[in-house]
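Visitor: Dropping the structure in here first, questions after.
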Amino acid sequence: MKNALLLALLLWANSTLFAQCSISINAPQSLFDTSITAITITDVRSLLQDACGCEVGLNNPSATVQIFLPEANQVTASLPTTFSAAAQFPYQHYPRHDYAWKQEKWGDKYLLSLSADSWQGISFGLYGLLQEKLGFKFYHPRNTIIPHFTQWPLTENFTWESKALFDKNGFHLHTQHPLELTEQLHDGTLPNALNEVKEYINWLARNGQNYFEFCLLNSIDKRIWIDHAKNITDYVHQRGLLAGVDLSLHMIQQKTFQLYTSPINKQKQITANLAWLNKANWDMINMEFSTAEFISGNRKKKEEQRQFVLQWLKDNSHTKLMGRQHVVQHKTKTAKAKNEFFWDSISTALDKERGVMAHTVMFYDMSEQHAPVYENENQQHMYRFLLTEHQKRETWYYPESAYWITFDVSVPMLLLPYLKARLTDIDSCAAHHIPGHLTFSSGWEWGYWLVDWSIARWSWQHTFNGEKQYRFPEMYAQELLPAKEHKPFTNILNLQQEYLKDSSLMQWMTAMTITDEIGIKALANEYHPRPKLSYKYIRNKATANELSEIQNKYLLRLDSFAHKALKHSRAMRMNASDKDVVGTELIDGLEITAYRAFHRAAILRYLIALNTAKTKAQKQEAQHHLADAGSIRQRAQEIVTAREAQYRYSTDRIARKSWDHTAYHFGYLYPASQLHFWNREEQQAKRNRYSAFFMNIWNVGRIVGLIK
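In this note's numbering, the protein residues as written are 173 to 880.
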């Protein structure tokens, strides 16, 4: 009898709590007749039910929380944004999608009203309420943090305005590389391929993004792929987003899709391929006009083909042609302008129909003084390009959130300065009213989802009760980490900024590329930071003064960075619980970055010791440095092995060798899986072999397009 009475009391208490938290979404039928809002409302209802365990109904006047969505006559999908209204050139319009919320308490009810001018604004507003106010975290396409509450957590009246800083903001998945969704995007016959792509599109919508793009490869099965592409673009449009595809006119590297492959009847091939692509209803085509990324090509011929493509698209579709300006600067060959640079011809055409994207690379922002990438002192020329072209045509900023080959993810390292650089650039773009922001994404494991997620959320400016939200690089990491981990995380971010960027230690942390070691001066371009003295030179020819400078200027800093960073990452690990999956991933990435510095220092000490050894005994003594490097690598390998068990996509696909549609035939985390570059560096030092093709994993011929 007592048990029955207790059960009845518990049921009554629970029902009372649920009644206090009943929620109603009040929406006109027109919002359910439109896929953009219908899908979102269904999704938001489900998410809220998971959070409160309560009833989330539709148009229920008795619910204690009343969420009012705009009436049909308040939604005008054709209203221009401030960006499109100001454009003095052809512009791809997208509906105004800012939104505002107001909450008032009336008696025992909470009334929330959403103001928005478009279906897209309503969708973004609903997801914004969940993420910015109710504690939902849409941090990864496969992972969402759902809060739990039994009473409505927003107890105060508030007003909240949310402004989109860009007219178009989204992500480019660089599927020339073997990333999480490369295969699913190129082969609709794979199990669950379309659903996994939709999963990512949902992540974009939930995070207020309105543009999705990926690289199309020539290894697709053209007979059936276009139907898969149509299924993808249909869903993109159902969610209120724009769909773009990245391809080339005739680029041969990395299996990129080409509009023509033979010099005979070029325009006939281009026409046929554009008509075929048009079946999928793309909003944007991001086209590469050069034969290769680092080759300018025949400017006159490229211009003729570009104009032909532009005219065809204008006559036959609504698709906007975009093109990217690479960070590479091509020197002119004329004596008069010997030391000057010219923009790639993408910026010199007279047409205004075509939009441009200013591309920057790695964890450098576009305004800083020192950014040694692609033979540049910095990337300020891209900043000038962005501001100049913005006055002439639709112009987007196009930065990276990671850089796969030999810089970070493939090593692996988690480089937090990306956060500071990307926020700095977003603020700069917003100040100059740049209308588009497209993030070049190179994979999400090892914590790189944090950079993408932060960028997505920074693309909105929130004003709560009249006060603008304060923004800082680690703000969204702090939302995910326990309070005790905030300070050590910030300390590591500052350490990486100070040591790796400001003190130029990054030149020692990267792995060597083919061009670093090729031995042919004309090809030995510095695409990422690298030491001024090669490792081969340090081992065999460096002078006492040069070795002394390395020891005093760099080795001490590597040691200092590694010890301090490891101390803070271990403090984070001590404060993390067994269930702190997010924190553990970030800690792993930060800890292995510290071990990378230790490993590099050990290898350098070995090379210096061998260089200065005069006797056999001294050479033997030097071996302990190499043994130290091996021990450090083994500890780092334990972290990699543990992390692989937590990968969100098939390890066989993203971290092993296998046939795929790319030029690589292994997953993007394959180099990290056995710490290939770390081991290679040990073997190079041990054997004194520094050929570019020693322990090489890259099929150079296939990557540059000389062989299939």
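The beta-carbon is built from N, C-alpha and C at its ideal position, and this holds for glycine as well.
Here the structure is a predicted model, which is why all the values come from computation and not from measurement.
Roughly how far, in whole angstroms, is the beta-carbon of residue 828 from the beta-carbon of residue 842, given that I think they are within contact range, below 8 Å?
Guide: 6 Å
Visitor: Say whether the stretch 619-628 touches the stretch 587-607, bearing in mind that this needs 3 or more beta-carbon pairs closer than 8 Å, one atom from each stretch.
Guide: yes
Visitor: Using the rule of at least 16 other Cβ atoms within 10 Å of the residue's Cβ for burial, across every protein chain shown, is residue 956 buried or exposed?
Guide: The displayed coordinates of the chain run from 173 to 880. Any statement about residue 956 would go beyond what the structure contains.
Visitor: In terms of residues, what are the limits of the beta strand (DSSP E) holding residue 620?
Guide: Here residue 620 belongs to no beta strand (DSSP E); instead the alpha helix (DSSP H) covers 620-630.
Visitor: What do you reckon, are the CB atoms on residue 290 and residue 247 nearer than 8 Å?
Guide: yes
Visitor: Taking residue 593 as the reference, which of 551, 583, 608 has the closest Cα?
Guide: The residue from 551, 583, 608 with its alpha-carbon nearest to that of residue 593 is 551.
Visitor: If contacts are defined as beta-carbon pairs under 8 Å, then residue 382 and residue 416 qualify, I think. What distance do you get, rounded to the angstrom?
Guide: The pair is not a contact, with the Cβ atoms about 11 Å apart (cut-off 8 Å).
Visitor: How is residue 746 classed by DSSP in three states: helix, strand or coil?
Guide: helix
Visitor: Grouping DSSP H, G and I as helix and E and B as strand, with all else coil, what is residue 874?
Guide: Correct three-state label for residue 874: helix.
Visitor: Measuring alpha carbon to alpha carbon, tell me which of 815, 259, 590, 266 ends up nearest residue 760.
Guide: When only C-alpha atoms are compared, the closest one is 815.
Visitor: Please classify residue 473: does DSSP put it in a helix, a strand, or coil?
Guide: helix
Visitor: Would you kindly report the start and end of the unbroken beta strand (DSSP E) that includes residue 647?
Guide: From DSSP, residue 647 is part of no beta strand (DSSP E) but of the alpha helix (DSSP H) over 647-652.
Visitor: Compute the beta-carbon to beta-carbon distance between residue 238 and residue 266, rounded to the nearest angstrom, for a pair I have assumed lies under 8 Å.
Guide: Actually they do not touch by this definition, with Cβ atoms about 30 Å apart.
Visitor: Does the Cβ of residue 230 have 16 or more other Cβ atoms within 10 Å, making it buried, or fewer, making it exposed?
Guide: exposed
Visitor: Count the other CB atoms, across all protein chains shown, that sit within 10 Å of the CB of residue 873; report buried if there are 16 or more and exposed otherwise.
Guide: exposed
Visitor: Any contact of the stretch 563-579 with the stretch 642-652, i.e. 3+ C-beta pairs under 8 Å?
Guide: no
Visitor: Specify, as a first and last residue, the run of the beta strand (DSSP E) that residue 662 falls within.
Guide: Run containing residue 662: none in the beta strand (DSSP E); it sits in the alpha helix (DSSP H), 655-667.
Visitor: Leaving aside the five residues before and after residue 669 along the sequence, list all residues of the same chain whose C-beta is less than 6 Å from its C-beta, in chain order.
Guide: 589
Visitor: Which residues in the same chain as residue 244 place their Cβ atom closer than 6 Å to its Cβ, once the five residues preceding and following it in sequence are excluded?
Guide: 200, 202
Visitor: Counting along the chain, where does the beta strand (DSSP E) carrying residue 238 start and finish?
Guide: 237-240
Visitor: Does any CB atom of chain C fall closer than 8 Å to the CB of residue 416?
Guide: Given the protein chain composition of this structure (a single chain), no chain C is represented.
Visitor: Identify the continuous beta strand (DSSP E) that holds residue 300 and give its terminal residues.
Guide: That residue, residue 300, is in no beta strand (DSSP E); its alpha helix (DSSP H) goes 291-300.
Visitor: Count the other CB atoms, across all protein chains shown, that sit within 10 Å of the CB of residue 529; report buried if there are 16 or more and exposed otherwise.
Guide: buried
Visitor: Buried or exposed for residue 786, please, with buried defined as at least 16 other CB atoms from any protein chain shown within 10 angstroms of its CB.
Guide: Within 10 angstroms of the beta-carbon of residue 786 lie fewer than 16 other beta-carbons, which makes it exposed.
Visitor: Among 686, 311, 424, which one has its Cα closest to the Cα of residue 371?
Guide: Ranking the options by Cα distance to residue 371, first place goes to 311.
Visitor: Could you pull the start and end residues of the beta strand (DSSP E) that residue 496 belongs to?
Guide: 492-497
Visitor: Take the Cβ of residue 278 as the centre, count every other Cβ of all protein chains shown within 10 Å, and call the residue buried at 16 or more, exposed below.
Guide: Residue 278 comes out exposed.
Visitor: Threshold first: 4 residues or longer. Then list the alpha helix (DSSP H) segments lying entirely within the stretch 551-592, N to C.
Guide: 552-561
Visitor: Per DSSP, residue 331 forms a beta bridge with which residues?
Guide: 274
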